[in-house]
Amino acid sequence: MNARSQVFELTLEGRQADEAVTSLFHTVLFHRCLGKFLYTNESSYSVSTVGFTDVDCDFIDLTYVCCSSNSLARTVKQEVSNFSEQLRSNESSGMGQISLEFFQKKPSRYLFLQPECIPWEVWTVRLQLITLDNELERQECREKVGNHLTEKIVYITEVMNRQDYLPKMPSRSEVDLVFDTSFVDVQPYLFKFNYSITGPSSGTSVGSTMRKFIKESFNL
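When you line the sequence shown up against the UniProt record's numbering, it's residues 1 to 220, in that order.
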């Protein structure tokens, strides 16, 4: 099975990286989370509701909706922070990508082997960090990134409304093959994060090139 894949590309300041990635991934997870399953027998169950909350960004003109789950929020924050810290480090060129991958497990025919993890949907965010010279540029970048993210959040919602493949609802004995049951208040489809950072570049400065690009886009 080929996994569906979506890629978003953003140019922004280092301080905006966490909020940008988190807003996109929380939007995806909001649509890929269910309430906790309450099984009455092997195949009959009820599903509790999922709460939601608004999040206001500090460095981007954006408010987005996410599941009101502290444990899920901590997981996303930790993974995104690990990525952004490396992205902002001196060893990085300021370019990198992070993916949110949904998968299901296929039991092995052999008891001594771990189940095979089969991805069915992947969301990737590619970032290019820039350094701006003054507060006017920062304010315009704040607004521009907010507008871009709003468009991408709307697009995510449109994608989620398509009749695309989702793993079928499992029986009680197979629920851990499809859903992550470790959270106390939500039950997302199984997911994991992957990220990579591009090393220092040689020759022409990528940062200088991107600063020129963003200045031209702001008509400065």
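Note that the Cβ used here is the ideal one computed from N, Cα and C, for glycine as well. Computed from a predicted structure; not experimentally measured.
According to DSSP, residue i sits in a beta bridge with which residue or residues?
i    : result
T63  : D56
F25  : For F25, which the question treats as bridged, DSSP gives no partner whatsoever.
P188 : C33
V7   : T124
I156 : Note: I156 sits in no beta bridge, so no partner.
E137 : Answer by DSSP bridge pairing: none, since E137 is not bridged.
F183 : According to DSSP, F183 bridges with nothing at all.
L38  : S46
K105 : C117
S196 : Q97
L12  : L129
Give every residue of the same chain whose Cβ lies closer than 7 Å to the Cβ of residue i, excluding the five residues on either side of it in the sequence, and list them in chain order.
i    : result
V175 : F37 and T181
Y165 : W120
Below 6 Å CB to CB, which residues in the same chain sit around residue i once its five sequence neighbours on both sides are set aside?
i           : result
Y195        : F83 and I98
M160        : H31
S89         : none
W123        : Q6, V28 and L100
G146        : I60, D61 and L62
residue 222 : Nothing can be reported for residue 222: it is not among the residues displayed for the chain, which extend from 1 to 220.
E135        : none
C57         : E19
G35         : V47, S48, T49 and V50
Y39         : Y45 and R172
Assuming residue i and residue j make a contact with CB atoms under 8 Å, what is their CB distance in whole Å?
i    : j    : result
L177 : P107 : 7 Å
S81  : D133 : Wrong, their Cβ atoms sit about 27 Å apart, outside the cutoff.
Y189 : P167 : 7 Å
E121 : A3   : 6 Å
L129 : L72  : Wrong, their Cβ atoms sit about 27 Å apart, outside the cutoff.
L127 : L10  : 6 Å
I153 : S23  : 7 Å
T198 : S43  : With 8 Å as the limit, T198 and S43 do not qualify as a contact, their Cβ atoms being about 48 Å apart.
F25  : V76  : 6 Å
Can you name, in chain order, every residue of its own chain whose Cβ lies under 8 Å from the Cβ of residue i, other than the five neighbours on each side?
i    : result
T150 : L62
Q104 : C117, I118, W120, P167, L177, V178, Y189 and L190
E216 : Reliability fails at E216, whose pLDDT of 47 lies under 50, so the model's placement of it is uncertain and the value that follows must be treated cautiously. Within the same chain, E216 has no close Cβ partners at all.
V21  : V80, F83, S84, I98, V125 and L127
Q114 : S108
F59  : E13, R15, Q16, E19 and R142
Please determine whether the Cβ atom of residue i lies at a distance below 7 Å from any heavy atom of the ligand NAP.
i    : result
L136 : In the structure shown, the ligand NAP is absent, as is every other ligand, since no ligand is present at all.
Would residue i pass as an interface residue toward chain C - the criterion being a Cβ-Cβ separation below 8 Å?
i    : result
R142 : Reference to chain C is not applicable here, since this structure consists of a single protein chain.
Problem set entry | Three-pair Cβ contact test at 8 Å for the stretch 67-78 versus the stretch 49-57 | Yes, since at least three Cβ pairs between the stretch 67-78 and the stretch 49-57 fall closer than 8 Å, the two stretches touch.
Exercise. Using 8 Å as the Cβ pair cut-off and three pairs as the minimum, do the stretch 185-193 and the stretch 140-155 touch?
Worked result: The way I'd put it, the stretch 185-193 doesn't touch the stretch 140-155; fewer than three beta-carbon pairs between them come closer than 8 Å.
Exercise. Enumerated in chain order, which unbroken segments of the beta strand (DSSP E) with a length of 3 residues or greater are wholly contained in the stretch 62-100?
Worked result: Annotation note: the stretch 62-100 contains the following uninterrupted beta strand (DSSP E) runs of length 3 or greater, listed N- to C-terminal: 63-67.
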